[in-house]
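Please read the structure below before turning to the comments.
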Amino acid sequence: MNDPEPRESPAVRCGEEAKRRLTVAQALVAFLARQWSERDGRRRRLIPACFGIFGHGNVAGLGEALAGAAAAGVDLPYRLCRNEQGMVHTAAAYARMTDRLSTLACTTSIGPGATNLVTGAAGATINRLPVLLLPGDSFATRRANPVLQELEDSRSYDVSVTDALRPVSRYWDRINRPEQLPAALLAAMRVLTDPAETGAVTLALPQDVQAEAYDWPEELFAERTWHVPRPRPDEGVVRRAARIVTAAYRPVLVAGGGVIYSGATDALRGFVERHGVPVVETQAGKGALPYDHPLAAGAVGVTGTAAANEVAANADVVIGVGTRYSDFTTASGTLFGDARFVNLNITGFDAAKLSGVQVVGDARESLTALGAACGDWASPPAYRSVVAELGARWAAVVDRARHADPQAPPTQAAVIGAVNDAAGPRGVVVCAAGSMPGDLHKLWRSTDPKAYHVEYGYSCMGYEIAGGIGVRLAAPDREVFVLVGDGSYLMLPSELVTAVAEGVKLVVVLVDNQGFASIGRLSESVGAQRLGTAYRDRTGAPLPVDLAANAASLGAVVIRATTMAELRAGLEAAKAAHRTTVVHVSTDPMAAGPDGGAWWDVPVAEVSAVAAAQAARAAYETGRKARRLHLHPS
């Protein structure tokens, strides 16, 4: 989206103080249009547009305000989505693509529209991504209660369905009077632009309050620029961290999403090249170092590579940068050995994990400070040679997995290889849930920190197409490849309509494997015998569902591919198209990608009449014995 310069709006005089008489919704829209973020001297619109679906809870308030915005000289474009959850995914993807410096507002009606926001809000908050939610609410005056879709709670009339957004929001407020709006708006903008606190921000707006007029101080609508800080770490902590790092013989650096959000990839590269520290990457941190860099050991954890996991397991010092150490990164506490941890993070909450030395600050500033404190120290050359050899072995595994006979039915790994080739250095892959994120993490070769966009903090089915829209809106000069399985596609196909209506061109690769491949394999591994993971009717026959026809009915161009040759040709045709194109390809759900060897803690039934479950329980007992709590102070 473009960042147009804000325009002045007319004011009226009321006594000695300039006032503007607007409804609460009109004031909210006028305020949002004047908010900017700034970091490193670059300014951009903080809220450049508003997505929404209207109902009786917001149509007369925010609907009227957005409809009349242009006539009032207010620049806040409105975009229609088809599902409230989807619009939050779009906003979160937009925020991630802009390094959390810009996001979108999302308005819904009261009732189901508001509760549909919860899943998207949880995903945004878990992934530390700013989104602004503006759900309608019941009457503040209670003059008409119960209104349509109002939740009546016998404990209190103050309880509403929008309260469901409290635990998944970093800031939540209900505007019961116009006078409450200014303070709430300032608080909301502060959280949206705070790299340590950011996440979903909710302002619940009772429908009668939205339409109520008030004389607003003119300074409320003055242009505001919110500076996004780069906090520097404490010098004493940096010195302590440097003493640990420079004593290491087998160090490893875990690059998380914070490296990319901070724009710290150059600082990361300078640090590891100077000190000879190999880098392993989380899902959010993938691309922080180009895949072909000599010190890039690859993806780490449950969905990681055998090479990266071996490096991590043998490390004596682990430097975590911008990672929250999820269970997939640590292999449920079994991956790292008797290592000491140095954690560079914008939040003390994440920096304190695994008993690490807490270097709290901006990732770029912290890496620069730690690098200077480490002086000329570097890891032994022999160690770096071992890491390079492990990486070369894994590269050969990837080459074999991605290779396929052009006339053969595609495997999922081969599909990923074909999309990777089609995307080139600037294309962006978008994915979220199922088996594909695991294979992508291991197999995708990224040379650009913005070329890999996999939502795996919440692993939310249905994120993919909506997220792809957000990515393309934030980066219209990049081709966006949405990889979505049939299970995830059926959760939220409606946002194809949004892409078509808004002219947002996507290449959607719809991988049809007749069910839930990832959970099918997991189900089998714990003795649940793939129950409920295949698309079959009650007789066991495949369902007569044509997903390609469904995509075509929603307005997309559709290309069907049955062989690798057809898939590659279809991808090239989709790239050349001027509108959203779906490439439908069937794969074998039983053909798994290469395994990185890490363990994941999924409890298995302690007693069972099923022999497979009994065997799985025995393996589970063995696996969890390797778990470490990492309680020793670093």
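So the mapping is simple: the working numbering equals the position in the sequence shown, first residue as 1, plus 772. For every residue, glycine included, the Cβ atom is placed at its ideal position computed from N, Cα and C.
| query | result |
| --- | --- |
| Short of 6 Å in beta carbon distance, which residues of its chain neighbour phenylalanine 1113, apart from the five on each side in sequence? Order them along the chain. | Val1090, Leu1126, Gly1128, Ser1406 |
| Cutting at 7 Å between CB atoms, please list the residues of its own chain near serine 1260, excluding the five before and the five after it. | Ala1204, Ala1205, Gly1206, Met1233, Gly1234, Glu1236 |
| Sort Ala1247, Thr1101, Glu810, Ile1118 by Cα distance to valine 1202 and report the nearest one. | Ala1247 |
| Output needed for alanine 1346: all residues of its chain with C-beta closer than 7 Å, excluding positions within five of it in sequence on either side, in chain order. | Val1279, Ile1331, Thr1353, Val1355 |
| Which of helix, strand or coil does DSSP assign to leucine 834? | helix |
| How many whole angstroms separate the CB atoms of glycine 1042 and serine 1151, which I take to be in contact at a CB cut-off of 8 Å? | That belief does not hold up - the Cβ atoms of glycine 1042 and serine 1151 are roughly 15 Å apart, past 8 Å. |
| If you follow the alpha helix (DSSP H) that leucine 1139 is part of, which residue opens it and which one closes it? | 1135-1145 |
| So for leucine 1126, helix, strand or coil by DSSP? | helix |
| Taking C-beta to C-beta, are threonine 795 and glycine 1242 nearer than 9 Å? | no |
| What does the alpha-carbon distance come out to for the pair leucine 800 and leucine 848? | 11 Å |
| According to the neighbour-count rule (16 or more other Cβ atoms, all chains shown, within 10 Å of its Cβ), is serine 881 buried or exposed? | buried |
| Per the DSSP calculation, glycine 1257 is bridged to which residue(s)? | Val1283 |
| Can you give me the C-alpha to C-alpha distance between valine 1052 and threonine 891, rounded to a whole angstrom? | 30 Å |
| Considering only the beta carbon of each residue, do proline 967 and aspartate 1134 sit closer than 9 Å? | yes |
| For proline 778, collect the residues of the same chain with a Cβ closer than 6 Å to its Cβ; drop the 5 residues on either side in sequence, then sort them by chain order. | The predicted model places proline 778 with a pLDDT of 47, which falls under 50 and marks its position as unreliable; any figure quoted below should be read in that light. Only Arg806, Glu995 meet the Cβ criterion. |
| Rank Pro820, Ala837, Ala1060 by C-alpha distance to the C-alpha of alanine 867 and give the top, closest one. | Pro820 |
| DSSP puts leucine 794 in a beta bridge; with which residues? | Tyr986 |
| Can you grab the Cα-Cα spacing for the pair tyrosine 943 / leucine 901, in whole Å? | 13 Å |
| Under 9 Å between the Cβ atoms of serine 910 and proline 918? | yes |
| What is the rounded straight-line gap between the Cα of tryptophan 1166 and the Cα of tyrosine 850? | 47 Å |
| I need the boundaries of the beta strand (DSSP E) containing glutamate 810, first residue and last residue. | 807-811 |
| In three-state DSSP terms, what is threonine 1353? | strand |
| Under a Cβ-count criterion, where at least 16 other Cβ atoms within 10 Å of its own Cβ denotes burial, should cysteine 786 be classed as buried or exposed? | Because the pLDDT at cysteine 786 is just 48, under 50, the model does not fix this residue reliably, and the value given afterwards should be weighed accordingly. When all chains shown are included, cysteine 786 counts as exposed. |
| Is glycine 908 helix, strand or coil when you go by DSSP? | strand |
| Ignoring anything shorter than 3 residues or poking outside the stretch 948-986, list the beta strand (DSSP E) runs there in chain order. | 972-978 |
| Determine the direct distance from the alpha carbon of aspartate 1211 to that of isoleucine 1188, and round the result to whole angstroms. | 8 Å |
| Quick check on the burial criterion: 16 or more other C-beta atoms within 10 angstroms. Buried or exposed for histidine 1225? | buried |
| Indicate whether alanine 1056 and glycine 1229 have their beta-carbon atoms separated by less than 9 Å. | yes |
| Which one of Ala976, Val1044, Phe823 has the shortest CA to CA distance from leucine 1025? | Val1044 |
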